[in-house]
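For reference, the structure discussed in these notes is given below.
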Amino acid sequence: MSLEPQFFRDETHENAFYILLNKCRRVNEEVVPVMYLLSLVAKKTEDGKYNISACCDGFDFDEMHIKPESLKHSWHTSSTSAAFRLAFILWNGYPSERSQKFNNIYFIFGHGWDKYLCEAIRLRFVLE
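Those letters in the sequence shown? Residues 2 to 129, per my numbering, in order.
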């Protein structure tokens with residue numbers, strides 16, 4: 002069984018994933034898919050560096066827990082919101098009653114990143 006992603010959206014996604022993973026105190030089947038999904042929103046800047054501030058916005062690396070309040074930011078698109086929501090669901094089920102309407106399969110899938118969302122599910126449950 003492997004916690005290594007089988008594919009990435011692009012080089013920026015891959016590099017951001019490893020940057021985020023290296024920020025984690027522990028790496029396991031809960032952490033890997035969350036970092037995989039959060040790193041989808043990384044951007045490469047003009048100077049060739051990776052802007053991971055938006056990725057980091059969804060996770061507290063010191064306390065090792067998700068930050069659902071990050072979903073309130075105006076920069077989210079339907080795709081980034083879906084990726085963050087699934088990350089939170091895979092982390093702990095994200096049981097916020099107020100947000101349950103948007104935490105179902107119909108609101109999470111269908112925004113263009115389904116391939117990566119499915120890969121995160123595979124990583125979380127270590128399916129081969």
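Glycine included, every Cβ here is placed at the ideal spot set by N, Cα and C.
Beta-carbon contacts of residue i that lie in its chain and below 7 Å, excluding the five residues immediately before and after
i   : result
S82 : L72
A55 : V42 and W76
Cβ separation of residue i and residue j, assumed to be a contact under 8 Å, to the nearest whole Å
i    : j   : result
H112 : S79 : 5 Å
E30  : L4  : 6 Å
M65  : R27 : 7 Å
Sequence-distant residues of the same chain with beta carbon closer than 8 Å to residue i, five excluded per side
i   : result
Y51 : T13, N16, A17, I20, A43, K44 and K45
Distance CB(residue i)-CB(residue j) smaller than 8 Å
i    : j    : result
A88  : L38  : yes
C25  : F85  : no
F8   : V35  : no
N104 : I90  : yes
L118 : F110 : yes
Cβ neighbours of residue i in the same chain (closer than 6 Å, five flanking residues each side left out)
i   : result
D58 : S71
(request) Enumerate, from N- to C-terminal direction, the unbroken beta strand (DSSP E) stretches of 3 or more residues contained entirely within the region 25-72. (result) none
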